[in-house]
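Asks: For reference, the structure I am asking about is given below.
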Amino acid sequence: MIRIYNTLSQKKEQFKPIEPGKVGLYVCGMTVYDYCHLGHARVLVAFDVITRYLRHSGFDVNYVRNITDIDDKILRRADENGEVYTCLTERMIAAMHEDEARLGVLSPNAEPRATAFISDMIAMIETLIAGGHAYAADNGDVYFLVSSFADYGKLSKKKLEDLLAGARVDVEQAKRSPADFALWKAAKPDEVFWPSPWGNGRPGWHIECSAMANHCLGDTFDIHGGGPDLLFPHHENEIAQSECATGHTFVNTWMHAGAIRVNKEKMSKSLGNFFTIREIMETYPAEVVRYFLVSSHYRSQVDYSEDNLIESGRSLTKLYNALRGVTPLASDAVARTAHDTLFVKRMDDDFNCAGAMATLHALAGEMNQQRRDGDEQAAAASATVLVRLGSVLGLLQQDPELFFQSDSGQGNELSAGQIETMIQSRADARKTRDFAGADQIRDELLARGVILDDSREGTSWRRG
RNA sequence: GGCGCGGUGGCAGAGUGGUCAUGCAGCGGACUGCAACUCCGUUAACGCCGGUUCGAUUCCGACCCGCGCCUCCA
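Remember, the numbering used here sits 939 above the position in the first sequence when you count from 1.
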């Protein structure tokens, strides 16, 4: 029985899908005008683990994650670059797919792009106007009439009067109320546009998700997720639009990931203190970045620091060390163990992957003992469970040697061949008990970032 | 100002009304030519003050501190 923290009710609830055995999941994806930063990675990885676990639990998950490929920031950036905006978005989408693949994030079932659903958005806006929930203003924009939706603020726990009292709400003359938000924006001269009943223009940000979610998952679906800063106004506005347009509850469970922080401040575009994941992956293996992200609860805020990534690297190394030289069996060859049970118990509790991770280390410790005792069969069985549980978190799926020996791609490292040659020289020196010579070679390798591990079977190496 | 979240050992990070997280680091030992890996042992924590209770880090209340949202941001 899975329990999920629902932002709407502000408590953990037993998860009950609308249709038994099936889950409709929508996550707000990227606005593609720049590379993914760590905050994007957090959301990507969090919902990847959630999807993997729901599937592991037997659910048929329909995971939809949109791409916002038209918006002010995209147009501005394309303009700065002096390129057609679609060139920019295509490039960023390709980069995003590359980053996701490296992080071990599985593709969603559907990845709708805003520009492919303009007609759905226009239809929804027409419905809203007909229902008295929206109005076309003199400037060619169409706005949502917030006062027409009694439940406005139910997600973010805001009261309309408080919002209006705040001085930070955009004061746009054409709006009837400052809290109203754009559904359709009139095109400025020389801007890309789509024709509509209200003139040439393009959709507002919030209506995209309402239209695409509705198209892909229907009027009401199970889970909607996203980053912490989307809660208000984006998700609140989605609810208003969708519920006014369909007359039905939009979403049963709302999930929000925690923020990434750097030096005690939120990592964000507006503060300019963000790290793209590709620059982080230049220094740290992608799986280490993933391990870092998975090792704290998806709802808690997490501090990015070099030290934390280094620690994650060591921790993951320990797991792979256990797996090294052991061949796991096919997953179904090993029955469910107490470790599986504990893992499931932890994950059932609002996807507590940090807690679940402890079982991976328990398993690794057990394996190391079994190998010490020479019980290779037991070790292989343990390895099977370790890899099985790892797969639910999207970890430990590569060959340990690959994890240990892949270079950073910076081009300034020793090749595997060079390393093997030096190891052979060292082995020769050790045979003649020339330990000074042997140690010199080992020190040289260490200086080049290569660590040697001796065992009865010979010497293996890893980059560290 | 409004709304919300959190304060756990040197660090990271789970969890629980009454012997246990886990990882990193440290310390002692084993293994090793020496290391590395690994194993065994070990140190150490629940912001502060009250309350409930036989017993509270865990429940309740006050307080202090930190953070997030209220504006485009995952």
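The beta carbon of each residue, even a glycine, is placed where N, CA and C say it ideally should be.
Compute the Euclidean distance between the alpha carbons of residue 1123 and residue 1279, then round it to the nearest angstrom.
Replies: 50 Å
Asks: Roughly how many angstroms separate the alpha carbons of residue 1210 and residue 977, rounded to a whole number?
Replies: 14 Å
Asks: For residue 1194, write down the residues that DSSP places opposite it in a beta bridge.
Replies: 1164
Asks: By DSSP, does residue 1270 sit in helix, in strand, or in coil?
Replies: helix
Asks: Rounding to the nearest angstrom, what Cα-Cα distance links residue 1034 and residue 971 in this structure?
Replies: 10 Å
Asks: When DSSP labels each residue in this structure, what does residue 1200 get in the three-state scheme?
Replies: strand
Asks: Quick check: the stretch 1230–1242 against the stretch 1302–1317, are at least 3 beta-carbon pairs closer than 8 Å?
Replies: no
Asks: Looking at residue 1150: is its Cβ nearer than 8 Å to the Cβ of residue 1138?
Replies: no
Asks: So residue 1255 and residue 1226 are in contact, right, with Cβ under 8 Å, and what is the actual spacing, rounded?
Replies: 6 Å
Asks: Given that a residue counts as buried once 16 or more other Cβ atoms are within 10 Å of its Cβ, and exposed if not, what is residue 1078?
Replies: exposed
Asks: Which of helix, strand or coil does DSSP assign to residue 1295?
Replies: The answer is helix: DSSP assigns residue 1295 an H, G or I state.
Asks: Beta carbon of residue 1173, beta carbon of residue 1144: below 8 Å?
Replies: Taking the C-beta atoms as reference points, residue 1144 is found nearer than 8 Å to residue 1173.
Asks: Is it true that the stretch 1188–1195 meets the stretch 1152–1160, where meeting means three or more beta-carbon pairs spaced less than 8 Å apart?
Replies: Yes, the stretch 1188–1195 is in contact with the stretch 1152–1160.
Asks: State yes or no: is the C-beta of residue 1013 within less than 8 Å of the C-beta of residue 1054?
Replies: no
Asks: So, under 8 Å CB-CB, residue 1132 and residue 1259 are touching, yes? Tell me the CB distance rounded to an integer number of Å.
Replies: Contact between residue 1132 and residue 1259 does not hold, since their C-beta atoms are separated by about 53 Å, which reaches or exceeds 8 Å.
Asks: Helix, strand or coil, according to DSSP, for residue 1284 in the structure here?
Replies: helix
Asks: Following the continuous beta strand (DSSP E) through residue 990, name the residue where it begins and the one where it ends.
Replies: Per DSSP, residue 990 belongs to no beta strand (DSSP E); it is in the alpha helix (DSSP H), 977–995.
Asks: Any idea if residue 1160 is buried or exposed, counting beta-carbon neighbours within 10 angstroms, 16 or more meaning buried?
Replies: Residue 1160 is buried by the Cβ-count criterion.
Asks: Need the endpoints of the beta strand (DSSP E) that residue 1316 sits in, please.
Replies: Premise fails: residue 1316 lies in the alpha helix (DSSP H), 1315–1332, not in any beta strand (DSSP E).
Asks: Short of 8 Å in beta carbon distance, which residues of its chain neighbour residue 1291, apart from the five on each side in sequence? Order them along the chain.
Replies: 1236 and 1285
Asks: Let's test the definition: count the other Cβ atoms within 10 Å of the Cβ of residue 998 and tell me whether it reaches 16, buried, or not, exposed.
Replies: It counts as buried.
Asks: Are there 16 or more other CB atoms within 10 angstroms of the CB of residue 987, so buried, or fewer, so exposed?
Replies: So residue 987 counts as buried.
Asks: So residue 1083 and residue 1056 are supposed to be a Cβ contact under 8 Å. How far apart are they, rounded?
Replies: Approximately 18 Å separates the beta-carbon atoms of residue 1083 and residue 1056; this is outside 8 Å, ruling out the contact.
Asks: Please classify residue 1401: is it buried, with 16 or more other beta-carbons within 10 angstroms of its beta-carbon, or exposed?
Replies: Answer is buried; the Cβ neighbour count reaches 16.
Asks: Where does residue 962 fall in DSSP's three states?
Replies: strand
Asks: Around the C-beta of residue 1094, are 16 or more other C-beta atoms found within 10 angstroms, so that it is buried, or is it exposed?
Replies: buried
Asks: Do the stretch 1355–1368 and the stretch 1335–1342 touch if we need at least three Cβ pairs shorter than 8 Å?
Replies: As far as the Cβ criterion goes, the stretch 1355–1368 does not touch the stretch 1335–1342, which means the pair count is below three.
Asks: Give the straight-line distance between the Cα atoms of residue 991 and residue 1204, rounded to the nearest whole angstrom.
Replies: Whole-angstrom Cα-Cα distance: 31 Å.
Asks: If we ignore side chains and look at the alpha-carbon of each, how far apart do residue 1195 and residue 1167 end up?
Replies: A direct Cα-Cα distance of roughly 5 Å separates residue 1195 from residue 1167.
Asks: If you draw a straight line from the alpha carbon of residue 1163 to that of residue 1193, how long is it in whole angstroms?
Replies: 5 Å
Asks: In angstroms with no decimal places, state the Cα-to-Cα distance between residue 1090 and residue 1065.
Replies: 21 Å
Asks: Using three-state DSSP, classify residue 945 as helix, strand or coil.
Replies: Here DSSP, grouped into helix, strand and coil, assigns residue 945 to strand.
Asks: Look up residue 1375 in the DSSP assignment and say whether it is helix, strand or coil.
Replies: helix
Asks: On the criterion of 16 or more Cβ atoms from any shown chain inside 10 Å, does residue 1318 qualify as buried, or is it exposed?
Replies: Residue 1318 comes out buried.
Asks: Assuming residue 1023 contacts residue 964 under a Cβ cut-off of 8 Å, what Cβ separation, rounded to an integer in Å, is found between them?
Replies: Under the criterion of beta carbons closer than 8 Å, residue 1023 and residue 964 do not qualify as touching, at roughly 33 Å.
Asks: Taking Cβ positions, are residue 953 and residue 969 nearer each other than 8 Å?
Replies: No, they are not a contact pair.
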